[in-house]
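**Q**
Numbering (our numbering), first residue to last: 284 to 600.
(1) Determine the direct distance from the alpha carbon of residue 460 to that of residue 598, and round the result to whole angstroms.
(2) Are the CB atoms of residue 580 and residue 446 nearer to each other than 8 Å?
(3) With a cut-off of 8 Å, do at least 3 Cβ pairs link the region 347-358 to the region 376-385?
(4) Should residue 519 be labelled buried (16 or more other beta-carbon atoms within 10 Å of its own) or exposed?
(5) For the beta strand (DSSP E) that residue 500 lies in, which residues bound it at each end?
(6) Roughly how many angstroms lie between the CA atoms of residue 566 and residue 303, to the nearest whole one?
(7) Spell out the partners DSSP gives residue 296 in its beta bridges.
(8) From what residue to what residue does the alpha helix (DSSP H) around residue 366 run?
(9) For the 8 Å Cβ check, are there 3 or more pairs between the region 480-496 and the region 416-423?
(10) Quick check: is any heavy atom of the ligand ADP less than 7 Å from the C-beta of residue 530?
(11) Express the C-alpha separation of residue 491 and residue 434 in angstroms, rounding to a whole number.
(12) For residue 358, does the three-state DSSP call read helix, strand or coil?
(13) From what residue to what residue does the alpha helix (DSSP H) around residue 543 run?
(14) Assuming residue 293 and residue 316 form a contact by the criterion Cβ under 8 Å, report the distance between their Cβ atoms to the nearest whole angstrom.
(15) Ignore the nearest five residues each way along the sequence and tell me which others in residue 465's own chain have a CB closer than 7 Å to its CB.
(16) How should residue 395 be labelled, buried or exposed, when 16 other C-beta atoms within 10 angstroms of its C-beta is the threshold for buried?
(17) Using a Cβ-Cβ cut-off of 7 Å (strictly less than) and excluding sequence neighbours within five positions of residue 556, which residues of its own chain qualify?
(18) Near residue 521, what residues of its chain come up, given a Cβ to Cβ distance below 8 Å and the 5 sequence neighbours on each side ignored?
(19) List, from N- to C-terminal side, the alpha helix (DSSP H) runs of 4 residues or more that fit wholly inside the region 436-508.
(20) Helix, strand or coil for residue 408, going by three-state DSSP, please let me know.
(21) What is the rounded straight-line gap between the Cα of residue 509 and the Cα of residue 336?
(22) How is residue 400 classed by DSSP in three states: helix, strand or coil?
(23) Comparing C-alpha positions only, which one of 477, 564, 369 sits nearest to residue 305?
(24) Throw me the rounded Cβ distance for the residue 296 and residue 314 pair, which I believe falls under 8 Å.
(25) Of all the beta strand (DSSP E) runs that stay within the bounds of the region 285-343, which reach a length of 3 or more residues?
(26) List the whole-angstrom C-beta distance separating residue 517 from residue 428, where the pair is believed to meet the contact cut-off of C-beta under 8 Å.
(27) Ignore the nearest five residues each way along the sequence and tell me which others in residue 413's own chain have a CB closer than 7 Å to its CB.
(28) In three-state DSSP terms, what is residue 519?
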């Protein structure tokens with residue numbers, strides 16, 4: 284029997300969630316957008332959703348018709364809506380980051396949120412999970428991460444990268460944050476994370492530069508590279524190429540021993556969304572592991588983000 288889900292928020296991100304939810308067996312029975320939203324009515328008609336409500340309060344008044352909820356709203360209103368949904372005692376998939384304020388997330392931590400899944404979908408990438416396993420099998424590792432997104436997207440988008448660090452390096456601690464100047468009034472920051480077993484992670488926030496998100500793990504004699512996070516390569520050893528007439532110097536080429544990407548399993552869906560929907564269905568059935576992000580994970584990502592944004596230079600003893 285299909286589980287019935289109601290969607291609160293019918294913008295762009297909801298349109299990525301909906302096909303994945305349907306694919307794994309959810310039935311979308313109702314939706315709403317912002318108060319009296321025309322977009323919600325278009326969304327419901329396009330996706331054959333039986334009931335569309337004028338606001339989330341009306342939808343929650345009929346919560347007995349649903350088994351669970353997806354909250355895909357603007358961050359400014361997400362915490363309030365999440366609290367109201369929690370009162371129904373039903374599972375909730377809520378889009379990240381929930382709030383930019385760790386104090387708001389602190390308050391949520393005091394509530395019963397065991398059935399809340401936060402939508403940090405990169406945790407469900409095959410590439411990220413390969414990297415997590417690679418780190419667990421090699422001790423210690425040195426990790427180099429680039430998060431070059433636009434500065435104004437930091438709290439909404441770059442937090443994905445911070446959550447990835449929290450996921451693949453559990454119980455990490457920030458040891459240092461520093462600002463660096465660049466030409467033409469450019470600026471960036473870096474942070475150094477560390478684990479108790481000795482892993483070190485250098486994160487470069489080189490905002491607005493022409494670079495890809497990347498994560499490189501060195502564990503002698505191997506190097507694992509995600510560049511971008513959706514594409515994985517593993518290297519072992521070097522190939523020496525003698526000089527040629529066309530290239531008259533010796534070349535040293537890393538030997539690639541593995542190559543894969545997330546698109547093999549996500550051809551029809553936004554990467555990670557199908558696997559995330561499958562995981563949420565398990566939560567609805569009462570099962571959960573540490574793979575999905577919870578409120579504590581969301582708090583960690585935002586806490587780190589605020590430390591990085593708000594300190595010009597800070598060392599943690």
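Ideal Cβ positions, reconstructed from N, Cα and C, are used throughout, including at glycine. No experiment lies behind these values; they were computed from the predicted model shown.
**A** Looking at the atomic coordinates:
(1) Unreliable placement is indicated for residue 598, whose pLDDT of 48 sits below 50; the coordinate value is still reported in the next sentence. Those two C-alpha atoms are separated by around 6 Å.
(2) yes
(3) yes
(4) exposed
(5) 497-502
(6) 16 Å
(7) Beta-bridge pairing links residue 296 to no other residue.
(8) 361-369
(9) yes
(10) Ligands are entirely absent from the displayed structure, and the ligand ADP is therefore not among its contents.
(11) 7 Å
(12) coil
(13) From DSSP, residue 543 is part of no alpha helix (DSSP H) but of the beta strand (DSSP E) over 534-544.
(14) 4 Å
(15) 471
(16) exposed
(17) 299, 300, 303, 404
(18) 535, 536, 537, 538
(19) 442-451
(20) coil
(21) 42 Å
(22) strand
(23) 564
(24) Rounded, the Cβ-Cβ distance is 13 Å, inconsistent with contact.
(25) 286-291, 309-315, 334-336
(26) In fact, because the Cβ distance is near 17 Å, the residues do not count as touching under 8 Å.
(27) 515
(28) strand
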